[in-house]
Each structure stands twice: as C-alpha cells, then as structure tokens.
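Trainee: In this note's numbering, the protein residues as written are -12 to 378.
As structure tokens, this is what we get:
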C-alpha cells in the first residue's frame, strides 16, 4: 500500500509538471469587449494544446489574474497571462509566460491586430515558439528591432521572388468613370438625410473603408448647432492648448497680441461650419440651414463639406481618433492632426472630382500642387480664418 501511495504521489507530481495553466485575458477599459476577451483566452488555450500535445503537456484553465497563485494552485510548470490594451486603433495583447518562483515573466510576446480575426492570426504565428522556448524545447524567435513607437501589424510576409518575365499582355481597357450615388426621393424623408446617406456611400467607395456601425447623425437648427459647436470647441480648446496657440501666433507674428485664440477660432466655427464629426459623442452633427461659406463652394458645397466630416467618422470607426489634448507635446499633436486632416482633405478632393465627373487622381495631384504654391495670407483666407489673423 505504501508503495502504491508513493507511486500515486509521484505520478500526480509528474502530471502537474506537464501542465500549462492559462489565465483569463485581462483587458484594459475599452481595449477588448468581454466576449472577445473570453474568446481570445480560449484561443490561447487551443493554440497551446495544439503546439504542446505531442510533447505530453496538458493545458488547463486557471482563474484570476495572479500567475504565481495559479502556479501554486495547479502545480503547473508554466502560467500564461494576456493583458490587452488599445494602441492607435489596434488591439495589443501582451502575452506573458511565468515560471514558479520567478516573479517576473520569463518571456513576453505582443499580439497585435484590428479585430479578433487578426489577433488570432498573430497569436498562431507567435505563441507556439514562445511556449516551446520557455520549456526549453526550441530556441526563442528573434524579431528585428524596430524604432521606438513602431507598432508592428500582423500579416506581413517576406517579398516573394519576382516571377519569370512573360510576354507583355495588352493593357486592359480603362474602367468606366465612377458615378456619384443619386438615390430616388424617399417619401416623407428630409432631403438632407438622403444627401448624407448618398455622400456616405460615395465616401466609403472612394476611401475603401466601411462603417463598422451605423453612423449617428444629428441635424440641428442654427441656434442649437452653434451651441453644439461651442461645446465641442470648449472640450478641445483646453487652457494648455489655447496658451500654446497664443505663443505660436505671437512667435510667428500670425496675429496681434490682443487677439484671443479661443474666441477667434470659435467665431470662425460659428460663422462658417456647416457640419462636423464629434469624436467625443461619435456622431455627425449637421446644420439644417448651411452657412454662406458652403454655398460659396458651388452647388455641391454642402456635400463636399459632409464628405470631409464623414471621412473623419470612418477614420474613428476603423482606426480610432485619439484625444489630442492627451498627447504628450505640440509636435505629436500637429503630426496626428496633419495625418487625419490630410486624409480627409484628400477624400474631400476626390469626392468633389467625382461629383464634377473629373479624373480623381489628377484632381488630387492638382489640388496638392495648388496648395503648395499659395502664400500664407491666401491660405488663411481660403481656410476661413478669422479676419483678426489677416492683419
């Protein structure tokens, strides 16, 4: 009997030494919805089982978020814990592997993706080697060092060798020019709603991005729209931003010292904005009676303005728009703003060309060349800047 008990204890200990404990993924707020976190935890267990079954390892589920506690409770040789965060519109899951008595993880990989499908693909590419190297079954994979701040996205592959040269095929016939969307009138529907729906369809087609969810639209009269503009601007024009803007205007002699940057910008927004996308509420806000500035852009002026703002909505749904006030310095804010606004300007130019039945690529190139040739005063006037800046 004693021999049997000793043998049973030894077998139990040996079984524990061949266990891998996987803890639930811990997502930061807004990084990964709870159902996705549960699904990704199960995916970690599935990948671990597939990778280590041939070596006799058993993958078990552990509870909580403490790897040391999981190792003690299960007697496992390794504990695996993922922590999810949001970065530049992508989800990053840091998957750490712990051994008993180490405290710190013995290895860490970063699984990156937009959506659960990309996260799963990147996990399958990285986790098997991480576990094998932690168990001493394989050498750890060495990834090339990237510059600080670089986010590696999944799906990249080495370039394939160039194909053997073949006889040149005749060029395909040119595609017919794209036509703008024009929906038939819907009974009892506000024509502005129809315009917004058609414009959204065209912007999605031009930009190659699709909505992840329905775009919320709020149509306001002049008084309520002005109030909404002021509320949005006050969120963005924090004291630090206003102080930095004032310093920039004075340093480059862009305005007299008496000009209040916040008031000047608010005046322009109130007078000339026909619509805007609010990333705080994630909705498109449109003025029911557009200002004269939209009419000055031609018969499609309001559509063109809406195309710009709808592109901001697509940016937010597909990549995320960060809180600019939370970014560390002016250079970072300026770079991010230039990226988002430049993309929206290109889409707006393409949309304008589509409406005018003009070549889209040529219109974008021509518009960029024209902007480069303009002086500062002309740019200020075209951008709708306050007269206080045009001194």
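Cβ atoms here follow ideal geometry from the backbone N, Cα and C, with glycine treated the same way.
Spatial neighbours of residue 193 within its chain, please: C-beta separation below 7 Å, excluding the five flanking residues on both sides.
Mentor: The residue given as residue 193 occupies position 206 in the chain shown. The answer, listed in chain order, is 334, 337, 338, 341.
Trainee: Measuring CA to CA, which of 351, 277, 316 is closest to residue 329?
Mentor: Locating residue 329 in the chain shown gives position 342, counting from the first residue. That would be 351, whose Cα lies nearest to the Cα of residue 329.
Trainee: Please classify residue 293 as buried or exposed, where buried requires at least 16 other C-beta atoms within 10 Å of its C-beta.
Mentor: Within the chain shown, residue 293 is the residue found at index 306, counting from 1. Residue 293 comes out buried.
Trainee: Excluding sequence positions up to five away, which residues of its chain have a Cβ less than 6 Å from the Cβ of residue 191?
Mentor: Along the chain shown, read from residue 1 onward, the residue named residue 191 stands at position 204. The residues are 197.
Trainee: Does the segment 166 to 176 come close enough to the segment 201 to 214 that 3 or more CB-CB pairs lie under 8 Å?
Mentor: No, the segment 201 to 214 does not touch the segment 166 to 176.
Trainee: What number of angstroms, rounded off, separates the C-alpha of residue 265 from the C-alpha of residue 348?
Mentor: Translated into the one-based positions of the chain shown, residue 265 becomes position 278. Translated into the one-based positions of the chain shown, residue 348 becomes position 361. The alpha-carbon atoms of residue 265 and residue 348 are separated by roughly 29 Å.
Trainee: Can you give me the C-alpha to C-alpha distance between residue 22 and residue 34, rounded to a whole angstrom?
Mentor: Counting from one through the chain shown, the residue named residue 22 turns up at place 35. Counting from one through the chain shown, the residue named residue 34 turns up at place 47. The straight-line gap from Cα to Cα measures roughly 18 Å.
Trainee: Pull up the distance between the alpha-carbon of residue 107 and that of residue 27, whole angstroms please.
Mentor: To locate residue 107, count along the chain shown from 1; it is residue 120. To locate residue 27, count along the chain shown from 1; it is residue 40. About 7 Å.
Trainee: In chain order, what residues of the same chain lie with their CB nearer than 8 Å to the CB of residue 327, ignoring the 5 residues before and after it?
Mentor: Within the chain shown, numbered from 1, the residue matching residue 327 stands at position 340. So the qualifying residues of the chain are 299, 302, 308.
Trainee: So the beta strand (DSSP E) residue 265 belongs to, where does it begin and stop?
Mentor: Within the chain shown, numbered from 1, the residue matching residue 265 stands at position 278. Here the beta strand (DSSP E) through residue 265 covers 262 to 265.
Trainee: Would you give the residue range spanned by the beta strand (DSSP E) that residue 78 belongs to?
Mentor: Counting from 1 along the chain shown, the entry for residue 78 is found at position 91. Where residue 78 is concerned, the enclosing beta strand (DSSP E) stretches over 77 to 85.
Trainee: Considering only the alpha carbon of each residue, which of 53, 102, 100, 71 lies closest to residue 392?
Mentor: There is no way to answer for residue 392, as the model of the chain reaches only from -12 to 378.
Trainee: Report yes if the C-beta distance between residue 223 and residue 312 is below 8 Å; otherwise report no.
Mentor: Position 236 of the chain shown holds residue 223. Position 325 of the chain shown holds residue 312. Taking a C-beta distance under 8 Å as the contact criterion, residue 223 and residue 312 qualify as a contact pair.
Trainee: Measure the alpha-carbon distance for residue 407 versus residue 109 and round it to whole angstroms.
Mentor: Lying outside -12 to 378, the shown extent of the chain, residue 407 is not represented and no answer is given.
Trainee: Helix, strand or coil: how does DSSP classify residue 194 here?
Mentor: Along the chain shown, read from residue 1 onward, the residue named residue 194 stands at position 207. Three-state result, residue 194: helix.
Trainee: Would you kindly report the start and end of the unbroken beta strand (DSSP E) that includes residue 203?
Mentor: On the chain shown, residue 203 is found 216 positions in, with the first residue counted as 1. Its beta strand (DSSP E) spans residues 203 to 207.
Trainee: Count the CB pairs spanning the segment 225 to 233 and the segment 270 to 280 that are closer than 8 Å, and state whether there are at least three.
Mentor: no
Trainee: What does the Cβ neighbour count give for residue 295, buried or exposed, with the cut at 16 atoms within 10 Å?
Mentor: As a first step, residue 295 must be located in the chain shown, where it is residue number 308. Classification for residue 295: buried.
Trainee: Looking only at its own chain, which residues have a Cβ that is under 6 Å from the Cβ of residue 11, when we skip the five neighbours before and after it?
Mentor: Here residue 11 refers to the residue found at position 24 of the chain shown. Around residue 11: 28.
Trainee: Please name the residue or residues paired with residue 74 in a DSSP beta bridge.
Mentor: By 1-based counting over the chain shown, the position of residue 74 is 87. Bridge partners of residue 74: 77.
Trainee: For residue 8, report the span of its alpha helix (DSSP H) as first-last.
Mentor: Counting from 1 along the chain shown, the entry for residue 8 is found at position 21. Unbroken run through residue 8 is the beta strand (DSSP E), 6 to 9; no alpha helix (DSSP H).
Trainee: So, helix, strand or coil for residue 200, using DSSP?
Mentor: Start at 1 with the first residue of the chain shown, and residue 200 comes out as number 213. In the structure shown, residue 200 sits in coil (DSSP, three-state: anything other than H, G, I, E or B).
Trainee: DSSP three-state call for residue 176: helix, strand or coil?
Mentor: As a working note, residue 176 is residue 189 in the chain shown. Reduced to three states, the DSSP call for residue 176 is coil.
Trainee: Which of the three DSSP states, helix, strand or coil, is assigned to residue 12?
Mentor: The sequence position of residue 12 within the chain shown is 25, counting from 1. Coil at residue 12, not helix or strand.
Trainee: Hey, residue 65 and residue 122: beta-carbon distance below 8 Å or not?
Mentor: Taking the chain shown and counting its residues from 1, the one referred to as residue 65 is at position 78. Taking the chain shown and counting its residues from 1, the one referred to as residue 122 is at position 135. Yes, the pair counts as a contact, with Cβ atoms nearer than the cut-off.
Trainee: Considering Cα atoms alone, identify which of 187, 51, 227 is closest to residue 320.
Mentor: Looking up residue 320 in the chain shown gives position 333. Comparing Cα positions, the closest option is 227.
Trainee: Between the beta-carbon of residue 119 and the beta-carbon of residue 38, is there less than 8 Å?
Mentor: In the chain shown, residue 119 corresponds to position 132, counting from 1. In the chain shown, residue 38 corresponds to position 51, counting from 1. Closer than 8 Å, so yes.
Trainee: Is the CB-CB distance between residue 380 and residue 67 below 8 Å?
Mentor: Beyond the ends of the chain as shown, which are -12 and 378, falls residue 380; an answer cannot be given.
Trainee: Any idea which residues DSSP pairs residue 100 with across the strands?
Mentor: For the purposes of this step, residue 100 is identified with residue 113 of the chain shown, where counting begins at 1. Looking at the DSSP output, residue 100 bridges to 78.
Trainee: Since I believe residue 290 is in contact with residue 181 (beta carbons under 8 Å), could you give me their beta-carbon distance rounded to a whole number of angstroms?
Mentor: For the purposes of this step, residue 181 is identified with residue 194 of the chain shown, where counting begins at 1. For the purposes of this step, residue 290 is identified with residue 303 of the chain shown, where counting begins at 1. Not a contact, Cβ separation roughly 11 Å.
Trainee: By DSSP, does residue 321 sit in helix, in strand, or in coil?
Mentor: Start at 1 with the first residue of the chain shown, and residue 321 comes out as number 334. Assignment of residue 321 by DSSP, reduced to helix, strand and coil, places it in the helix class.
Trainee: For the beta strand (DSSP E) that residue 29 lies in, which residues bound it at each end?
Mentor: Taking the chain shown and counting its residues from 1, one reaches residue 29 at position 42. Careful: residue 29 lies outside any beta strand (DSSP E), inside the alpha helix (DSSP H) at 21 to 39.
Trainee: So residue 77 and residue 6 are supposed to be a Cβ contact under 8 Å. How far apart are they, rounded?
Mentor: Translated into the one-based positions of the chain shown, residue 77 becomes position 90. Translated into the one-based positions of the chain shown, residue 6 becomes position 19. Going by Cβ atoms, the distance from residue 77 to residue 6 rounds to 32 Å, so no, they are not a contact pair.
Trainee: Taking the alpha helix (DSSP H) that residue 302 belongs to, which residues open and close that run?
Mentor: Counted from its first residue, the chain shown places residue 302 at position 315. Residues 288 to 305.
Trainee: Give me the Cα-Cα distance between residue 183 and residue 61, rounded to the nearest whole angstrom.
Mentor: In the chain shown, counting from the first residue as 1, residue 183 sits at position 196. In the chain shown, counting from the first residue as 1, residue 61 sits at position 74. Rounded to whole angstroms, residue 183 to residue 61 spans 58 Å at the Cα level.
Trainee: By the DSSP assignment, the alpha helix (DSSP H) with residue 232 in it spans what residues?
Mentor: The residue given as residue 232 occupies position 245 in the chain shown. Counting along the chain, the alpha helix (DSSP H) containing residue 232 begins and ends at 226 to 238.
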